[in-house]
Amino acid sequence: LGDGGACGPGAAARRDGPFDAQNNGTWDGCEEVCVRVTHERALWRMLADPGMGLAEAFIEGEIVVLPDLVDLFRHGLWNARLRTSTHDSPLAVSIAALSVARVWNRALYRLAPNSLGDGSLKNISAHYDLSNDMFKTFLDPTMTYSSGIYADADALAPLGTPDAELGVLHTAQLAKLDRMAAILEIGASDKVLEIGFGWGSCAIRTVGRLGCEWVGLT
Numbered sequence: 001l002g003d004g005g006a007c008g009p010g011a012a013a014r015r016d017g018p019f020d021a022q023n024n025g026t027w028d029g030c031e032e033v034c035v036r037v038t039h040e041r042a043l044w045r046m047l048a049d050p051g052m053g054l055a056e057a058f059i060e061g062e063i064v065v066l067p068d069l070v071d072l073f074r075h076g077l078w079n080a081r082l083r084t085s086t087h088d089s090p091l092a093v094s095i096a097a098l099s100v101a102r103v104w105n106r107a108l109y110r111l112a113p114n115s116l117g118d119g120s121l122k123n124i125s126a127h128y129d130l131s132n133d134m135f136k137t138f139l140d141p142t143m144t145y146s147s148g149i150y151a152d153a154d155a156l157a158p159l160g161t162p163d164a165e166l167g168v169l170h171t172a173q174l175a176k177l178d179r180m181a182a183i184l185e186i187g188a189s190d191k192v193l194e195i196g197f198g199w200g201s202c203a204i205r206t207v208g209r210l211g212c213e214w215v216g217l218t
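The opening position of the sequence shown corresponds to residue 1 in the UniProt record's numbering, with each subsequent residue numbered one higher.
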């Protein structure tokens, strides 16, 4: 990004004194950072998806950060404090380009089939409006999605029969629900608000054990 990039991604910031006259700032002493683009696909990623493009390019090895990724974030945080005074810098041009990309992506999203007419409703129905009988084939009676807490590692070994495995899973799920209540120190006089409470397993279990009041939103 050149000298006008201050200490943003892609620029090597100077350690000593002011790093950019127009920014009127002083470098904080962290390591110089070099962002090397190894494949032009990285640039397209960042333009097409400003939110995740940089991360995906790093994961795929299309950009290399030297000496350390942490220092890149330190550069970014320092530069964010001075961003208002870099309107004419190459960094500002890059930020503007990403802003245009965000607008473009937002427009494409709104034009996508799943966000017009009843497309979204069909997607939701296909994902959520399924018979409970299907979920009962692999969930315990509490119908809890997330993993339970197993007191014994041997309980994870194959048990041979579905009923035995379901019993172990059910015990683990109840242990998880009870553990959450213990961590939150829920008592009989408490009122709990749970946002996204599924089939209500945590509410049913905790109210039944402790006698608290519970409100669930879904």
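Don't be surprised by glycine CBs; every beta carbon is placed ideally from N, CA and C.
- Taking Gly76 as reference, the option from Arg209, Ile59, Leu54, Ile183 with the minimal CA-CA separation is Leu54.
- In the three-state reduction of the DSSP assignment, Leu139 falls in the coil class.
- In this model, Ile186 and Ile204 are separated by some 14 Å (Cα to Cα).
- Listed in chain order, the non-local C-beta contacts of Leu217 below 8 Å within the same chain comprise Leu193, Glu194, Ile195, Gly196, Phe197, local neighbours out to five positions each way being set aside.
- With respect to the 8 Å criterion, Val37 and Ile63 are classified as neighbours on the basis of their beta carbons.
- Ranked by how close their Cα comes to the Cα of Lys176, the residues Gly148, Ala126, Ala182 have Gly148 in first place.
- In this chain, Glu32 is not harboured by any beta strand (DSSP E), its DSSP state being neither H nor E.
- Note on geometry: alpha-carbon atoms of Leu130 and Lys136 lie some 11 Å from one another.
- Its chain contains Cys34 as the residues whose beta carbon lies nearer than 6 Å to that of Leu66, once the 5 sequence neighbours on both sides are disregarded; these appear in chain order.
- In the DSSP annotation of this structure, the continuous segment of the beta strand (DSSP E) that includes Leu66 starts and ends at 63-66.
- Sorting Leu69, Ser201, Trp44, Trp214 by C-alpha distance to the C-alpha of Ala188 places Trp214 at the top.
- In the three-state reduction of the DSSP assignment, Glu40 falls in the coil class.
- Excluding sequence positions up to five before and after Arg106, its CB lies less than 7 Å from no other CB in the same chain.
- Within the same chain, and ignoring the five residues on either side of Gln173 in sequence, the residues whose Cβ sits closer than 8 Å to its Cβ are Asp140, Thr142, Thr144, Gly148, Ser201.
- The beta-bridge partner set that DSSP reports for Lys191 consists of Glu213.
- In the structure shown, Asp71 adopts helical secondary structure according to DSSP, grouped into three states.
- Straight through space, the alpha carbons of Val70 and Trp78 are spaced by roughly 13 Å.
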